[in-house]
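**Student:**
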Amino acid sequence: MKSLLVIAVLLVSFNVYADDGDAEPSADPVFARVSSDVNMHDAPAGTTISILTAGTRVRILGISPDGWVRVRDGEQKGWVDRHFLGPNITPKFARKPAAAKKCPKTLAKCPLNGCAEANSDHAFFNIAKHGPPSGTLQQLTLKSFAALQKAADKVVGQGADLDEEDRNTIRHLSVDGATLGEGALVEVSGFIVGKPHANSGESVNCGLKTEKNNDIHINIAPTASSTEFAGIVVEMIPQDRDSKWTAAALQKVAKSKKQVRVVGQLFYDNLHRVNGNASSPMNGQPKRFALWEVHPITEFLVCTQSPCDATNDAHWTKLEDL
């Protein structure tokens with residue numbers, strides 16, 4: 024018999040910065056309380072693995088776009104139907120990173136886990152941002168990122184921290200008959216759209232300011248006339264970044280409408296939500312159709328010939344050599 028549920032979501036109000044698509048979600052967990060018995064499934068619309076009884080307090084672990092929410096009850100994780108859930112099951116947003124007061128004051132002293140508490144879920148998130156990528160280079164298309172997002176939505180969802188076990192799971196996803204996931208060395212081509220810019224005050228970089236201490240956010244889309252909603256995000260991290268890799272240099276490439284090729288690590292930005300619908304944009308969320316990124320970027324090339332032959336290496340020049 025299908026169970027009905029009503030969940031009272033125990034959330035405090037949170038601030039969403041409408042003009043700041045890069046606002047970093049806080050690491051504070053989001054909880055809900057089950058007010059009637061409900062089935063927990065092993066996957067969205069999957070097999071029932073247990074029953075959550077009325078009054079059970081669960082932690083939100085992710086949201087699927089097809090109406091399911093991933094939760095944790097004790098040590099057990101599973102999916103429940105969200106049709107009776109409140110509308111605000113989403114991470115809170117904060118400009119200041121967690122534990123910022125305890126952070127080192129220089130990038131050189133900032134640890135891989137940034138401001139996050141060691142061995143916390145947010146620490147694993149920050150560590151994953153650094154890479155380095157591994158394995159044989161895999162050439163992806165932007166359509167590959169759509170397929171990756173569908174695979175992630177079935178396993179971990181969107182909009183919540185992942186623990187170490189979950190991060191290991193998304194390293195080995197089945198995508199179009201192949202195994203692909205976080206940590207893989209990949210390459211993708213496209214055009215820079217929107218305005219490349221430095222993030223600011225992120226936990227991974229110890230809450231520091233200025234471009235030299237922060238990741239540079241770039242949106243890559245299928246054509247030079249595409250909107251950011253049709254693209255993905257790729258990021259250059261500040262650690263050991265070439266001095267010529269700047270937002271200004273990238274903006275010049277964007278204005279030239281030249282094709283670019285990005286090489287680096289595949290990374291899943293699970294704390295955010297997909298924001299790929301231009302007719303219904305989400306405040307506080309970067310514009311993109313998938314949460315998968317190339318992050319960090321290890322090589323950035325620009326096609327300097329016209330017409331551009333994507334298969335001819337002689338047509339491509341490194342950003343730092345332009």
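Our numbering puts the first residue of the sequence shown at 24, with every later residue one more than the last.
Heads up, the beta-carbon is just placed ideally off N, CA and C, and yes, glycines get one too.
Keep in mind the model is a prediction, meaning the values are calculated, not measured.
1) Are there 16 or more other CB atoms within 10 angstroms of the CB of Gly224, so buried, or fewer, so exposed?
2) So, with DSSP's three-state summary, where would you put Asn237?
3) Out of Lys125, Pro155, Thr129 and Ala131, state which residue places its alpha-carbon closest to the alpha-carbon of Ala141.
4) Buried or exposed for Pro319, please, with buried defined as at least 16 other CB atoms from any protein chain shown within 10 angstroms of its CB.
5) Quick check on the DSSP output: the alpha helix (DSSP H) that includes Thr190 runs from which residue to which?
6) Please state whether the Cβ-Cβ distance between Ile241 and Ile255 is less than 7 Å.
7) Among Asp144, Trp339, Glu205 and Leu135, which residue has its Cα nearest to the Cα of Glu322?
8) Quick check on this structure: which residue in Glu343, Leu342 and Val317 has the alpha carbon closest to the alpha carbon of Leu171?
9) Should the segment 180–198 be called in touch with the segment 83–97, which here means at least 3 C-beta pairs below 8 Å?
10) From the DSSP secondary-structure annotation, give me the bridge partner or partners of Thr76.
11) List the residues that DSSP assigns as beta-bridge partners of Lys341.
12) Does the distance from the C-beta atom of Gln262 to that of Cys331 stay below 7 Å?
13) Measuring CB to CB, does Arg93 end up less than 7 Å from Arg82?
14) Find the nearest neighbour of Gln161 within the set Val211, Cys229, Glu188 and Leu185, judged by alpha-carbon distance.
15) Give me the DSSP bridge partner(s) of Val103.
16) Is Ala122 helix, strand or coil when you go by DSSP?
17) Give me the Cα-Cα distance between Ala146 and Ala46, rounded to the nearest whole angstrom.
18) Fully enclosed by the segment 245–300, which alpha helix (DSSP H) runs are 4 residues long or longer?
19) What separation, rounded to the nearest whole angstrom, lies between the Cα atoms of Lys119 and Thr202?
20) Counting along the chain, where does the alpha helix (DSSP H) carrying Asn149 start and finish?
21) Ala337 to Arg284, Cα distance in whole Å?
22) Give the single residue among Cys326, Trp315 and Ala301 whose Cα lies nearest to the Cα of Ser279.
23) Between Ala270 and the ligand ZN, is the CB less than 6 Å from at least one heavy atom?
24) Beta carbon of Asp292, beta carbon of Leu324: below 7 Å?
25) In terms of residue numbering, what span does the alpha helix (DSSP H) encompassing Ala175 cover?
26) Under 7 Å Cβ to Cβ from Arg80, same chain only, skipping five residues before and after it: list those, please.
27) What residue range is occupied by the uninterrupted beta strand (DSSP E) comprising Gly213?
28) Rank Ser249, Val276 and Ala271 by C-alpha distance to the C-alpha of Asn300 and give the top, closest one.
29) Taking all protein chains shown into account, decide if Val35 is buried (16 or more other Cβ within 10 angstroms of its Cβ) or exposed.
30) Thinking C-alpha only, which one of Asn149, Val216 and Leu84 is nearest Cys133?
31) Could you please give me the residues that DSSP links to Met63 through a beta bridge?
32) Take Glu251 and list the residues in its own chain whose beta-carbon comes closer than 6 Å to its own, dropping the five residues that flank it on each side.
**Tutor:** A quick look at the data gives this:
1) buried
2) coil
3) Lys125
4) Under this definition Pro319 is a buried residue.
5) The sequence given here has Arg at residue 190, not Thr. Run containing Arg190: Glu187 to Thr192, per the alpha helix (DSSP H) assignment.
6) no
7) Trp339
8) Val317
9) yes
10) Paired residue(s): none; Thr76 is not in a bridge.
11) BP columns for Lys341 point to Leu324.
12) The answer is no: Cβ separation not under 7 Å.
13) no
14) Val211
15) Val103 pairs with Val92.
16) With a pLDDT of 49 at Ala122, under the threshold of 50, the modelled position of that residue is not reliable, and no figure is offered here.
17) Cα to Cα, the separation comes out at about 18 Å.
18) Counting whole runs of 4 or more residues, the segment 245–300 contains the alpha helix (DSSP H) stretches 270–279.
19) Annotation note: pLDDT 49 at Lys119 (below 50); position unreliable, coordinate value reported separately. Spanning the two alpha carbons is a distance of roughly 36 Å.
20) Asp144 to His153
21) Inter-residue distance for Ala337 and Arg284 is about 13 Å (C-alpha atoms, whole angstroms).
22) Looking at Cys326, Trp315 and Ala301, the one whose alpha-carbon comes closest to that of Ser279 is Cys326.
23) This structure lacks the ligand ZN, and indeed carries no ligand of any kind.
24) The Cβ-Cβ distance between Asp292 and Leu324 does not fall below 7 Å.
25) Element bounds for Ala175: Leu165 to Val178.
26) A distance below 7 Å between beta-carbons, with the five flanking residues on each side excluded, links Arg80 to the following residues of its chain, in chain order: Phe54 and Arg56.
27) Ala207 to Ala221
28) Cα-wise, what sits closest to Asn300 is Ser249.
29) The pLDDT assigned to Val35 is 29, lower than 50, so where the model puts this residue is not dependable; a value taken from the coordinates is nonetheless given after this. With fewer than 16 other Cβ atoms within 10 Å, it is exposed.
30) Asn149
31) Ser73
32) Val216, Gly217, Asn242 and Lys310
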